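Presented below is the structure to which this report refers.
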Amino acid sequence: MKKLFFSCTLMICTLLTNNTTFAQRFGFEVNYGLNGVTSPSISNFSHFGAGVTYDFDETFGLKTDFGSDTFRDILPNFSKETGVNITRFSLQGTVNISTLIRETNMYNTLNLIAHAGGGYSVLKSNINTGTDNAVNVIMGLTPRFKLAYNLFLFVDASVIFNVSQHYKFDGLPAYDGKTPNSITGIMYNLSGGIAYQFDTN
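Encoded structure:
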């Protein structure tokens, strides 16, 4: 995983150095906030995320992003809090809904971005050994407020589906009777963050 991250970072840096026009379409973002699930009812301010964005034009783009989430629950049969730590990597398409309505809205102080995609999630229980590997599907909306030239403040609301998840969010294995079972775990993030885009002039 470290080698893959290093290779991707090196490739992006090379592109930024060698192709000015290409580099000007890049941006990056970081965010922190609330995560939660409805079954069992868990919510914490323990979400952290970061991403690299690439804009094809004023409306459509891509982003690759990373998310880290921690869930903890109190179960009567355990002497400590139980739960899972989730690390997510995703590739998503982005659409500026504001410019779809009217092209000149890209110059407005406030824009609304929609995003959706999928990727890979790693879940680790704090009371059971082993790594749970799952596919994730993510979608969300991001109101973005321009603070300064190329600098934005945003709020993001996302829903993530972890397909073929074997640990529940309370850290216990998912079972169907006596047989281990996979589930689709549904979680959400509500976070705030900062985004920066390289000069597009």
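Numbered according to mature numbering (1 follows the signal peptide of the UniProt record, and there is no 0), the sequence shown spans residues -23 to -1, 1 to 178. For glycine and all other residues, C-beta sits at the position ideal for the given N, C-alpha and C. Quantities reported herein were computed from a predicted structural model and do not represent experimental measurements.
query = Residue range of the beta strand (DSSP E) that L100 falls in?
reply = In the DSSP assignment, L100 falls within the unbroken beta strand (DSSP E) covering L87 to S102.
request  = Using the Cα positions of F48 and S18, report the straight-line distance between them to the nearest angstrom.
outcome  = If I take the Cα positions, the gap works out to 10 Å.
ask   = Counting along the chain, where does the beta strand (DSSP E) carrying L149 start and finish?
value = Looking at the DSSP string, L149 is not in any beta strand (DSSP E), and its letter there is neither H nor E.
key: Whether V72 touches G96 by CB criterion (9 Å)   = Contact flag unset, no.
query = Using CA coordinates, which residue listed in G44, S45, V7 and G28 is at the minimum distance from G38?
reply = Checked all of G44, S45, V7 and G28; the closest Cα to G38 is G28.
key: Terminal residues of the beta strand (DSSP E) in which L130 lies   = L128 to Q142 is the extent of the beta strand (DSSP E) around L130.
ask   = How big is the Cα-Cα spacing for G60 and S102?
value = Rounded to the nearest angstrom, the two C-alpha atoms are 6 Å apart.
ask   = Using DSSP with H/G/I as helix, E/B as strand and the rest coil, what is N82?
value = Judged by DSSP in its simplified three-state form, N82 adopts helix.
message = Taking DSSP's pairing of strands, which residues face D46 in a bridge?
response = Per DSSP, I63.
request  = Would you kindly work out how many angstroms separate the C-alpha atoms of T(-4) and T30, rounded to a whole number?
outcome  = The predicted model places T(-4) with a pLDDT of 45, which falls under 50 and marks its position as unreliable; any figure quoted below should be read in that light. Straight-line Cα distance between these residues: approximately 16 Å.
Among N139, I90 and Y126, the one whose alpha carbon lies nearest that of N32 = At residue 32 the sequence reads Asp, which differs from the Asn that was named. If you compare the alpha carbons of N139, I90 and Y126 with that of D32, the shortest gap goes to I90.
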